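For reference, the structure is listed below as structure tokens.
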Amino acid sequence: MENTHRIYTILLVDDEEGIRNVLDITLTHAGFKVLLAADGDTGFKTFLAQKPDIVITDIKMPGIGGIDLLKQIKQISPDTEVIMITGHGDMDLAVKSLQYEAADFITKPIDSNELELSVKKAVDRMSINQRMKSYMDDLEKVIRKKDREIDESQSLATIGQTVAGMSHVIKNIAGGLKGSSFILEQGIENENREYLVKGWEMMKGNIDKITNLSLDLLNYAKTSRPKLKQINPNHPAREVVELLSSRASEKQINISLYPLEKELSIMVDCDAIYTVIFTLVTNALDACEEKNEVSGTRTDKKVDIFVEQQSNWIVYRVRDNGQGMDDNVSGVLFKEFITTKGTRGTGFGLMTAKKIIDEHKGRILFESKKGQGSVFAIKIPLQPVQTGRQ
Ligand SMILES: Nc1ncnc2c1ncn2[C@@H]1O[C@H](COP(=O)(O)OP(=O)(O)OP(=O)(O)O)[C@@H](O)[C@H]1O
Ligand SMILES: [Mg+2]
């Protein structure tokens, strides 16, 4: 039988001495250590004392019957494999024993091949469970190690906000999924192709949202040290403008970049700084788009991006003449995951930006006037930063 390096113990509980003797010989011959008990009571006591791997028990015995023994064993040791021996006409009991998670049942008169097969299946299941358990233990170790790696400066309060922010976004997506599955169901029920197409489009949109959310989460949870490189500070700003200019012109928003004229370089994680500028510029575009024009007046919507040097800092400023912010939004910015964009927003944008700027020992600031616009600025020190963590 499988697993030669471990000797499994089998407890055999049967009130018929003849059966006990025959099975003892068969199972010992097959390489098992066999324990014997003549009734349910003794069987349970032996079980508690010796913790066998497998129990084979007669279903009908005086005193504690096989089913009760099975229940008691499963209650304290759900992983123990219990095989039931049934006689003719015990079918109801046999079925009942399966409900209580018996591994198998064999019928009298016992055929030794059938017995060996049943025990072999139990052994295989146990070794799979053990492998699974050791895999899960390893996984747990990896997770624990990752946990320890999480930036210790990240306070529990921030973690709480992360979870709260996440659950809000997940609830939104779940609502969307429910809606799309309802439309799909209607489409299937009524054989309505239009519903099917609509439901499927909605479903795809929600799948995209989940994908983006997991990317946001990964970005937010990333604890590796920024990959610092010398770059021209105009470089990430230029890339953002290039990427977003067609979106801006579609919405009739003027987007302009005022690069730093002086030739100098800063030591930053270019991709991370790109992400921050991208967040600020998309927020500025959203604010312009959502601005309600006062009737009769029409201002040209614009977003300006400045790259400047202010003493020992490189400053990126993103200015828009969009809808601006209420105090109840600006009051919690960078502290909580807040979005005013319903299901379109997550509130991860600025929280992630803040985290990245903190990692660069920089500053992130803003000013905003309701109905008039906002300016967001990020300041990065010109001196290389020592982040001090891996
Ligand atoms: N330039 C801006 N003008 C007006 N409001 C802004 C501006 N930038 C940010 N906000 C407000 O701050 C909120 C949070 O912004 P943040 O980028 O964190 O999330 P979001 O844009 O709502 O969603 P996402 O995570 O998808 O970017 C926005 O919902 C918006 O109300
Ligand atoms: Mg945003």
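Each residue of the sequence shown is one higher than the last, beginning at 700 in the working numbering.
Don't be surprised by glycine CBs; every beta carbon is placed ideally from N, CA and C.
If you're wondering where the values come from, they're calculated on a predicted model, not measured in any experiment.
Please classify residue 871 as buried or exposed, where buried requires at least 16 other C-beta atoms within 10 Å of its C-beta. Walking along the sequence shown from the start, residue 871 turns up at place 172. With 16 or more other Cβ atoms within 10 Å, it is buried.
Within the chosen definition, does the stretch 1040-1057 reach the stretch 948-966 through at least 3 CB pairs nearer than 8 Å? no
Straight-line gap, residue 990 to residue 832 (C-alpha atoms, nearest Å): Against the sequence shown, residue 990 aligns to sequence position 291. Against the sequence shown, residue 832 aligns to sequence position 133. So the two alpha carbons sit approximately 57 Å from each other.
With burial defined as no fewer than 16 other Cβ atoms inside 10 Å of the residue's Cβ, what is the status of residue 713: buried or exposed? Working through the sequence shown from its first residue, we reach residue 713 at position 14. Per the 10 Å Cβ criterion, buried.
Please report the residue range of the alpha helix (DSSP H) in which residue 977 lies. Start at 1 with the first residue of the sequence shown, and residue 977 comes out as number 278. First-last of the alpha helix (DSSP H) with residue 977: 969-988.
What's the call for residue 706, buried or exposed, on a 16-neighbour Cβ count within 10 Å? Mapped onto the sequence shown, residue 706 falls at position 7. The residue in question, residue 706, is exposed, as its Cβ has fewer than 16 Cβ neighbours within 10 Å.
Three-state secondary structure (DSSP) of residue 1104: It is not possible to answer for residue 1104, since the shown part of the chain is limited to 700 through 1089.
Just checking my contact of residue 903 with residue 882 at CB under 8 Å: how many whole Å lie between their CB atoms? For this step, residue 903 is matched to residue 204 along the sequence shown. For this step, residue 882 is matched to residue 183 along the sequence shown. About 13 Å; that fails the 8 Å criterion.
Mind listing which residues have their beta carbon within less than 7 Å of any non-hydrogen atom of ligand 2? Chain order is fine. 978, 981, 982, 985, 1044, 1048 and 1049
How would you write the range of the beta strand (DSSP E) that residue 757 sits in, first residue to last? What you label residue 757 is simply residue 58 of the sequence shown in a count that begins at 1. From DSSP, the beta strand (DSSP E) with residue 757 extends over 753-757.
Residue 751 versus residue 708 - alpha carbon distance: Along the sequence shown, one-based indexing puts residue 751 at 52. Along the sequence shown, one-based indexing puts residue 708 at 9. Approximately 5 Å between the Cα atoms of the pair.
Considering only heavy atoms of ligand 1, does any lie closer than 7 Å to the CB of residue 1028? Working through the sequence shown from its first residue, we reach residue 1028 at position 329. For ligand 1, at least one heavy atom lies less than 7 Å from the Cβ of residue 1028.
Below 8 Å, how does it come out for the stretch 981-990 and the stretch 1027-1037: are there three or more Cβ pairs, yes or no? no
State buried or exposed for residue 756, treating a residue as buried only when at least 16 other CB atoms are found within 10 Å of its CB. Working through the sequence shown from its first residue, we reach residue 756 at position 57. Buried, because 16 or more other Cβ atoms sit within 10 Å of the Cβ of residue 756.
For residue 763, collect the residues of the same chain with a Cβ closer than 6 Å to its Cβ; drop the 5 residues on either side in sequence, then sort them by chain order. Mapped onto the sequence shown, residue 763 falls at position 64. 739 and 740, listed in sequence order.
Report yes or no: do the stretch 802-812 and the stretch 780-791 share at least 3 C-beta pairs separated by less than 8 Å? yes
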